[in-house]
Amino acid sequence: MYLTWCINVGTLKINGRCARILIDTGAQRSFVSEAFAEGLDVPLTPMTQTLLVSTPLGDDVERNHYYPSCEVEVTGRPLTCDFVPLSMLEFDAILGMDWLEKHHARVDCYTKVLELEDDQGNTLCFEGDRGKSNACIISVMRARKMMRKGCHAYLAYVVDDTKKEVDIKDVRVVCKYPDVFPKDLPGLPPDREIEFVIEVEPGTKPISIPPYRMAPAELQELKVQLQELLDNGFIRPSHSPWGAPVLFVKKKDGTLRMCIDYRQLNKVTIKNRYPLPRIDDLFDQLRGAIVFSKIDLRSGYHQLKIKESDIPKSAFRTRYGHYEFLVMSFGLTNAPAAFMDLMNRVFSEYLDQFVIVFIDDILIYSKSEEEHEHHLGLILDRLREKQLFAKFSKCEFWLKEIGFLGHVISGSGVAVDNAKIKAIMDWERPKNVKEIRSFLGLAGYYRKFVEKFSVLASPFTKLTKKGAKFIWDDKCEKGFLELKKRLTEAPVLTLPIQGIGYDIYSDASIQGLGCVLMQNGKVIAYASRQLRKHEVNYPTHDLELGAVVFALKIWRHYLYGETCHIFTDHKSLKYVFTQKELNMRQRRWMELIKDYDLIIDYHPGKANVVADALSRKNTTGTLLTCLQALRARVEVSTCGALIARFEVRPTLLGEISRSQAMDEECQKICERILEGPVENFRVRDDGLLLFKDRVCIPRNEELQKSILEEAHSSAYAMHPGGTKMYRDLKESYWWSGMKRDIAEYVSRCLTCQQVKAEHQHPA
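Numbering-wise, full-length UniProt numbering puts 282 at position 282 of the sequence shown, and it's gapless, one number per residue.
Next comes the structure, spelled out in structure tokens:
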């Protein structure tokens, strides 16, 4: 099939709005879809007499109103048209003979151009949709056939990572607070309710270290940055006996950041134990939120003064002099705790209601745009009141999806930020124990997203044990690569809702314990750990019960006081509450279990799969999964080009899987299959129910309609007839009454009614 020019279909502006139009010489009047008409901004006017309209379905509908004198723009010239509202799906408007006659329409079939005349007699040309190249395009059905025959298929996609600059004047609410977003800090911060204190261990003598040697480029940069700090009043010349050296590190944009090496001072500083919030506790507050804004303070640490008596301890030594900080500096051990204390005091009445704070990162979240307008105003008012300043270029406002603390947050839940895990994906094979620990420390930040994280990491975690010989074998390599792969395919984790109960799927093996916390069929978190030395000898029953106890302990903050349904593939656990004889370990665990309102049920191993409940974040991974489901051999190659952004909706197979899970009839068949073979039906490894190796479509009108639209009226389907469409669809899908539904759908297609010729002999 090749792209061809189409003279009767195209896009024109109607009252300034782009509309998909059909030019129809078989229609006496011009029509507009009722949905599109809502934005015409033209009053609906009564007709002098009722109009009877025959639809492609053979029905007659009466119309008593129309939209007069709408402007249809052709090559920049407005041509007036009266539109009658009609229920249509495929087109926004139909231009009929009333409009074509009025503007003296002439069709040139050779050049495929429609010529029209405006009121002044000027000729206007309409060319309709034109393919710019003879690109060969095939339908989805054809692609499936070719892949099943062994043809090679290539999946290419491009992304655009360029960001548009936004002006503060264009951001709702924020535009009223330009003073909160200055280009530079106005100088020394005001006196606040807390000051930064550097308290050292009693008896500590001043520590002074000679300056490090620097390259000429670094010395030049040192001069510039010292002058900036002096101009802002953040540092002053010092005579302190203390002194730390200076070094430079490269930032992402290639510029140099000046850092003070306070390591020796930090060793003798008494640690401030003010608690930093747990990341997962912060995210739990976001349930139900759909609108987000993020505020990043400008050089946040420099907005808090150091206590006057402790200023000499902040001194640093350079080639160009001895200086000391008047404001809190980066690199001081107690700086995060002190700043967290300040932020909690500033936003105390709003915390966990509509704002969460982690050091100098502020996230405002709301359940509606109306709420968000109010919440955002309150936070900006508080920043203005406390004279805290933000950096506009690093802030984001009014987003449905936002990056925060290495995660992507949306109304759907929390996902891994792919930009943040790039370091994990680029990590080379560890060459020693230190590199293994570094990798696990970084990857472990996202362990709640990876099912059986500990099991995958087990082969190379063993190498970190004391006295273990470092041998990187095939098991280590396989686990290392699989862990990186799982992170790229990490699911979107939903946020918990109190009061509706939880489901837990637990499992135990000789490799470790694993469990999944779910709610309403969606994953909240994964948890896993390796078996301890003494646990390796536990009998199977105790291991499986241990997995349940592990889940209850690690998610106690969710489960305590809530109903909980636990599923295990160890059938005897179902009767643990009525079991008469328990060993000492089981008795101890039962005392803990009794604190929870829970039910333990048996779920066969193969059915204990939660992959269908996952909403995959990575679009490439989802598409590859679908291709592999077609039994296509897939090889992946990347070129590194960044051109445009590619977005996909949830895959059709994913929608079918979710629909099957909610369909009572499909679930009954699945239950029968678990008991024994069922004629013509089977469950695929990914959980999909098949009928004679075809995907079984449940009784879901919306889902069936989307499949029919894809096969008939998508951009690449070319509107096949009922017989051909049924022949194509039945290779992949099945539902009761499928042939009848296809015939009825084709008979209702407006395009087929208008364009296709009659092939029967006249009576």
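Here a beta-carbon is modelled for each residue, glycine too, at the ideal position from N, C-alpha and C.
query                                                                                                                                  : result
CB contact flag (residue 298, residue 156, <8 Å)                                                                                       : no
C-alpha gap between residue 307 and residue 337, whole angstroms                                                                       : 15 Å
Pick from 92, 90, 68, 652 that is closest to residue 81, judged by C-alpha positions                                                   : 68
Beta-carbon gap between residue 573 and residue 554 smaller than 8 Å                                                                   : no
Validate contact between the region 400-414 and the region 451-460 using beta carbons, cut 8 Å, 3 pairs                                : no
Whether residue 705 touches residue 726 by CB criterion (8 Å)                                                                          : no
Beta-carbon spacing of residue 361, residue 296 below 8 Å                                                                              : yes
C-beta contact flag for residue 8 and residue 40 at 8 Å                                                                                : no
Residue 98 and residue 33 closer than 8 Å at C-beta                                                                                    : no
Within 8 Å, strictly: CB atoms of residue 463 and residue 320                                                                          : no
Start and end residues, alpha helix (DSSP H) containing residue 436                                                                    : 433-443
CA-to-CA distance, residue 514 to residue 569, given in whole angstroms                                                                : 12 Å
Neighbourhood of residue 400 by C-beta, 8 Å cutoff - its chain only, sequence neighbours within 5 removed                              : 290, 291, 292, 410, 411
Inter-residue spacing [alpha-carbon to alpha-carbon] between residue 770 and residue 52                                                : With the chain covering only 1 through 763, there is no way to say anything about residue 770.
Continuous alpha helix (DSSP H) stretch holding residue 232: start and end                                                             : 216-232
Three-state class that DSSP yields for residue 64 in the structure shown                                                               : strand
Simplified DSSP assignment, three categories, for residue 315                                                                          : coil
The region 581-595 in contact with the region 546-562 per 3-pair CB rule at 8 Å                                                        : yes
In chain order, each beta strand (DSSP E) run of at least 3 residues that lies wholly inside the region 241-286                        : 246-250, 256-260
DSSP three-state assignment for residue 513, whether helix, strand or coil                                                             : strand
Beta bridge counterpart(s) of residue 530 as assigned by DSSP                                                                          : 512
Element boundaries [beta strand (DSSP E), containing residue 44]                                                                       : No beta strand (DSSP E) holds residue 44; DSSP gives it neither H nor E.
Helix, strand or coil at residue 370 [DSSP, three-state]                                                                               : helix
Boundaries (first-last residue) of the alpha helix (DSSP H) holding residue 541                                                        : 540-554
Contact under 8 Å by Cβ, residue 276 with residue 328                                                                                  : no
Rounded Cβ spacing between residue 731 and residue 699 (contact assumed at less than 8 Å)                                              : Going by Cβ atoms, the distance from residue 731 to residue 699 rounds to 21 Å, so no, they are not a contact pair.
Cβ contact (3+ pairs, closer than 8 Å) linking the region 557-565 and the region 529-541                                               : no
Continuous alpha helix (DSSP H) assignments of at least 4 residues falling wholly in the region 726-755                                : 738-748, 750-755
Beta-ladder partner(s) of residue 518, from DSSP                                                                                       : 503, 523
Neighbourhood of residue 354 by C-beta distance below 7 Å, restricted to the same chain and skipping five residues each side           : 364, 365, 366, 375
Same chain, Cβ closer than 6 Å to residue 380, five either side skipped, listed in chain order                                         : 177, 180
Three-pair Cβ contact test at 8 Å for the region 537-547 versus the region 476-490                                                     : no
Residues sharing a beta bridge with residue 345, DSSP                                                                                  : BP columns for residue 345 are empty, so no partner.
Contacts around residue 200, its chain only, beta-carbon distance under 6 Å, and the 5 residues preceding and following it disregarded : 268, 269
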